[in-house]
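Chains as they are written, first to last, in UniProt numbering: chain A, 1 to 203; chain B, 1 to 203. Everything on this sheet refers to the single structure shown next.
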DNA sequence: GAGTCGTGATGACATCTGTCATCGATCCTG
DNA sequence: CAGGATCGATGACAGATGTCATCACGACTC
């Protein structure tokens with residue numbers, strides 16, 4: 001027979017991570033063998049502790065957690081369950097593209113978490129039904145790669161000149177991309193456009 | 001002798017709330033008698049369940065959780081412990097002004113949570129040492145009430161006209177307040193200023 | 001090969017935004 | 001009451017921003 005399922009737990013909030021660990025340890029067939037507070041830590045812990053499954057928070061500054069998920073799944077072959085506060089269709093799309101096997105919003109009842117871990121460990125996938133339905137019905141992202149890049153740089157109140165420098169483009173070009181993005185998103189300012197794109201999970 | 005300490009637990013993320021509940025229930029002298037997912041729910045639950053102490057998340061949309069804390073402490077006389085992801089000095093200042101008896105960032109180790117609850121239930125206060133030190137050394141908010149109000153309305157990419165309507169001021173006046181706020185915060189745009197003020201915990 | 005699309009850029013134009021000086025009204029204080 | 005401070009507002013001005021037309025290049029498709 002095999003031992004308990006060995007879980008890697010990553011969340012930047014110590015209190016939440018500890019509470020989840022306590023919760024999982026209550027299950028007889030689960031054990032938390034490693035914890036991490038960032039994407040980099042998660043990758044290191046995964047390669048040294050070799051867990052059976054990794055439970056990663058999506059929001060772990062610095063970095064978006066998805067890169068860690070892609071690394072842990074791709075290079076180490078460890079199945080990844082993504083937990084996120086901002087469960088938007090666009091995020092789900094990118095998570096699945098990164099090879100994530102489970103996608104759980106933080107609005108999920110706790111009783112289901114252990115069930116989901118067992119499902120994914122058993123080789124199945126698990127995706128929140130509401131998010132999946134929304135992802136299938138919503139229109140895909142209408143923005144081009146450059147438009148997304150410029151919006152990303154515009155998110156924190158930067159001027160056109162700062163954005164242009166960050167993206168290595170001429171200021172006029174940046175204005176053009178921002179203009180088309182704003183038109184596509186029906187936003188009155190580039191900040192509103194950036195915010196809208198973020199809410200959709202596109203950036 | 002008295003029974004266990006009866007705790008009200010409020011957090012908008014079901015997963016986190018459930019995990020914290022499981023964690024607290026592991027303590028023999030603690031019991032979670034009510035849960036809530038919003039500030040309004042927390043007030044209602046507090047007045048019906050009459051807990052000995054309330055553990056509230058600061059970020060519970062809609063509303064900032066501080067109003068619920070003030071209500072629960074002020075009208076019901078129940079001591080409140082505030083848990084927050086964004087533990088900044090300005091937030092601590094406002095929390096203490098609202099009568100909060102404990103202030104805990106989510107970076108706190110889980111093992112201390114039960115200790116803190118017992119402390120506050122015993123009549124003492126508990127404030128995270130790092131945040132308190134920062135709050136005492138940092139310069140206080142240099143912005144006036146109107147400047148804060150305008151910045152709050154400017155946070156989500158609104159135009160000057162939209163802000164003016166939201167705050168019931170003339171567009172020119174809004175521009176003046178934004179200008180002074182930007183100067184005080186050394187921000188190149190009003191969005192950067194709003195972001196900066198938010199990061200300091202001022203809005 | 002023509003047509004389409006994304007990319008990068010430029011110039012022109014109207015509007016928006018940030019800055020500043022200034023004014024009147026109110027409120028507080030000596 | 002005079003002086004000062006704050007608030008709300010206005011007008012003027014320079015510079016930033018949003019919009020549009022246009023061009024050129026490469027990739028890709030029909």
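The beta carbon of each residue, even a glycine, is placed where N, CA and C say it ideally should be.
Starting from residue i, trace the alpha helix (DSSP H) in both directions and tell me its first and last residue.
i: residue 182 of chain A; result: 171-185
i: residue 54 of chain B; result: Taken as a continuous stretch (DSSP letters only), residue 54 of chain B belongs to no alpha helix (DSSP H), being part of the beta strand (DSSP E) at 53-57.
i: residue 115 of chain B; result: 111-121
i: residue 40 of chain B; result: 39-49
i: residue 149 of chain B; result: 145-154
i: residue 96 of chain B; result: 89-97
i: residue 166 of chain A; result: 160-167
From what residue to what residue does the beta strand (DSSP E) around residue i run?
i: residue 102 of chain B; result: 102-105
i: residue 82 of chain A; result: 80-84
i: residue 31 of chain A; result: 30-36
Since residue i and residue j should fall inside the 8 Å C-beta cutoff, what is the C-beta to C-beta distance between them, to a whole number of angstroms?
i: residue 29 of chain A; j: residue 53 of chain A; result: No, residue 29 of chain A and residue 53 of chain A are not in contact; Cβ-Cβ is about 12 Å, not under 8 Å.
i: residue 60 of chain A; j: residue 10 of chain A; result: 7 Å
i: residue 126 of chain A; j: residue 102 of chain A; result: 4 Å
i: residue 86 of chain A; j: residue 80 of chain A; result: The Cβ separation is near 17 Å, so there is no contact.
i: residue 174 of chain A; j: residue 164 of chain A; result: 5 Å
i: residue 69 of chain B; j: residue 95 of chain B; result: 7 Å
i: residue 143 of chain B; j: residue 181 of chain B; result: 6 Å
i: residue 7 of chain B; j: residue 58 of chain B; result: No, residue 7 of chain B and residue 58 of chain B are not in contact; Cβ-Cβ is about 17 Å, not under 8 Å.
i: residue 110 of chain A; j: residue 154 of chain B; result: The Cβ separation is near 38 Å, so there is no contact.
i: residue 12 of chain A; j: residue 38 of chain A; result: 6 Å
i: residue 169 of chain B; j: residue 197 of chain B; result: So it is not a contact: roughly 18 Å between Cβ atoms.
i: residue 16 of chain A; j: residue 19 of chain B; result: 7 Å
i: residue 106 of chain B; j: residue 14 of chain A; result: 7 Å
i: residue 201 of chain A; j: residue 90 of chain A; result: 3 Å
What residues of chain A sit near residue i, judged by a beta carbon separation below 8 Å?
i: residue 192 of chain B; result: 156, 157, 158
i: residue 18 of chain B; result: 23, 109, 110, 111
i: residue 106 of chain B; result: 13, 14, 15, 16
i: residue 85 of chain B; result: 13
i: residue 195 of chain B; result: 156, 157
Go ahead and pull the three-state DSSP assignment for residue i.
i: residue 14 of chain A; result: helix
i: residue 73 of chain A; result: helix
i: residue 203 of chain B; result: coil
i: residue 133 of chain B; result: helix
i: residue 124 of chain A; result: coil
i: residue 8 of chain B; result: strand
i: residue 67 of chain B; result: helix
i: residue 25 of chain A; result: helix
i: residue 20 of chain A; result: helix
i: residue 2 of chain A; result: coil
Using a C-beta to C-beta distance shorter than 7 Å, which residues of chain B count as neighbours of residue i?
i: residue 189 of chain A; result: 157, 159
Quick one: list the residues of chain A neighbouring residue i, beta-carbon separation under 7 Å, in chain order.
i: residue 26 of chain B; result: 22
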